[in-house]
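Numbering (our numbering), first residue to last: 89 to 394. Heads up, the beta-carbon is just placed ideally off N, CA and C, and yes, glycines get one too. Here's the structure we're looking at; comments come further down.
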């Protein structure tokens, strides 16, 4: 997590851009170039993947000097088949070549050897005939913890061994999150998201870095500011990944609850509002995305510590 914090300090910007592309988000001229190659040898999935990567590459070029991180969501690539997964890999590689911190938003969750295999894929090294190779060389990955410690500890261990981090789902931004996360545990009289917070503290206790934060972060939605404020007190050494700003309704005042008094402790995500800014504001998509990313940065920085 220290690596992420260093990039946040360098850019003065506690935000991450979600790269969640659909074809309908991509400018017509990019789609036209990609699908001009449609043939028996270059099928529709490959054309779509080419368009996605060109779009992502342009966004990364426009944003790499003002944002510290990007967060590609794997589902938006998997829906375009193995060609889309290749675009996911290419996006990670290109973002890292621009010195961006990459959070692979995969929300993986399983147990034992399977969990370790997922962790190895995104954070570690795969052993191929005695040679260690990185598959998806992300800096961090999101983890679904509802299989318990068996599902999370392999990610934490592989992450620690490779100087990487994870973000565990604690209180998510979606409307139905309370169906499970707000249930009250009778033994402690606490909601489940607070029980999860306690586990996150335990899982990250042995990886506190020089900035005072562990390598086990938490996903805490901007759409639930009261819960975020409570979780911030319960997890003082945990970095928050905060979705829900912008298109989902979260405001700068809402996300401010996720930060510590040191001005650190959280990184706020926006996806569609940046990727699709050109649809609202006009002009080329790179300039529109950059302008929106600057506006978001300034909006959030204006309330941190206030």
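Next on the checklist: Between the alpha carbons of residue 275 and residue 290, how many angstroms are there, rounded?
Outcome noted: Looking at the two C-alpha atoms, the distance is approximately 19 angstroms.
Next on the checklist: DSSP three-state label for residue 375, please.
Outcome noted: Three-state result, residue 375: helix.
Next on the checklist: Here's the rule: buried if 16 or more other CB atoms are within 10 angstroms of the residue's CB, otherwise exposed. What is residue 167?
Outcome noted: exposed
Next on the checklist: I'd like to know whether the C-beta atoms of residue 356 and residue 326 end up nearer to each other than 9 angstroms.
Outcome noted: no
Next on the checklist: Buried or exposed, going by whether 16 or more other CB atoms sit within 10 Å of the CB of residue 132?
Outcome noted: exposed
Checklist entry - Along the chain, where does the beta strand (DSSP E) that runs through residue 313 open and close? => result Not the beta strand (DSSP E): residue 313 falls in the alpha helix (DSSP H), residues 313-322.
Checklist entry - How many Å lie between residue 98 and residue 120 at the Cα? => result 37 angstroms
Checklist entry - Rounded to a whole number of angstroms, what is the C-alpha to C-alpha distance between residue 320 and residue 182? => result About 33 angstroms.
Item to check | Outcome for residue 217 when other beta-carbon atoms lying within 10 angstroms are tallied against a minimum of 16 | outcome: Exposed.
Checklist entry - DSSP three-state call for residue 128: helix, strand or coil? => result coil
Item to check | Whether residue 281 touches residue 270 by CB criterion (9 angstroms) | outcome: Closer than 9 angstroms, so yes.
Checklist entry - Got a sec, what are the start and stop residues for the beta strand (DSSP E) residue 83 sits in? => result A question about residue 83 goes unanswered here, because the residues of the chain that appear run from 89 up to 394.
Next on the checklist: Just to confirm, is the Cβ distance from residue 136 to residue 122 under 9 angstroms?
Outcome noted: The Cβ atoms of residue 136 and residue 122 sit closer than 9 angstroms to each other.
Checklist entry - Whose C-beta lies closer than 6 angstroms to the C-beta of residue 332 among residues of the same chain, with five residues either side of it excluded? => result 261, 309, 310, 311 and 338
Next on the checklist: Residues in the same chain with beta-carbon distance under 7 angstroms from residue 206, minus the five sequence neighbours each way, listed in chain order, please.
Outcome noted: 196 and 198
Next on the checklist: Does residue 332 come out as helix, strand or coil in the three-state DSSP assignment?
Outcome noted: coil
Checklist entry - Roughly how many angstroms lie between the CA atoms of residue 303 and residue 379, to the nearest whole one? => result 31 angstroms
Item to check | Whole-angstrom distance between residue 230 and residue 264, CA atom to CA atom | outcome: 19 angstroms
Next on the checklist: Determine whether the beta carbon atoms of residue 307 and residue 330 lie at a separation below 9 angstroms.
Outcome noted: yes
Checklist entry - On the three-state DSSP scale, how would you describe residue 253? => result Residue 253 falls in the strand class under three-state DSSP.
Checklist entry - Distance, Cα to Cα, residue 233 vs residue 94? => result 27 angstroms
Checklist entry - According to the neighbour-count rule (16 or more other Cβ atoms, all chains shown, within 10 Å of its Cβ), is residue 348 buried or exposed? => result buried
Checklist entry - Helix, strand or coil: how does DSSP classify residue 227 here? => result coil
Item to check | With 16 other Cβ atoms within 10 Å as the buried cut-off, status of residue 257 | outcome: buried
Checklist entry - Among the residues of its own chain, which have a CB less than 6 angstroms from the CB of residue 171, if the five just before and after it don't count? => result 133, 134 and 137
Item to check | residue 219 - partner residues in DSSP beta bridges | outcome: 216
Checklist entry - Secondary structure at residue 272, three-state DSSP: helix, strand or coil? => result strand
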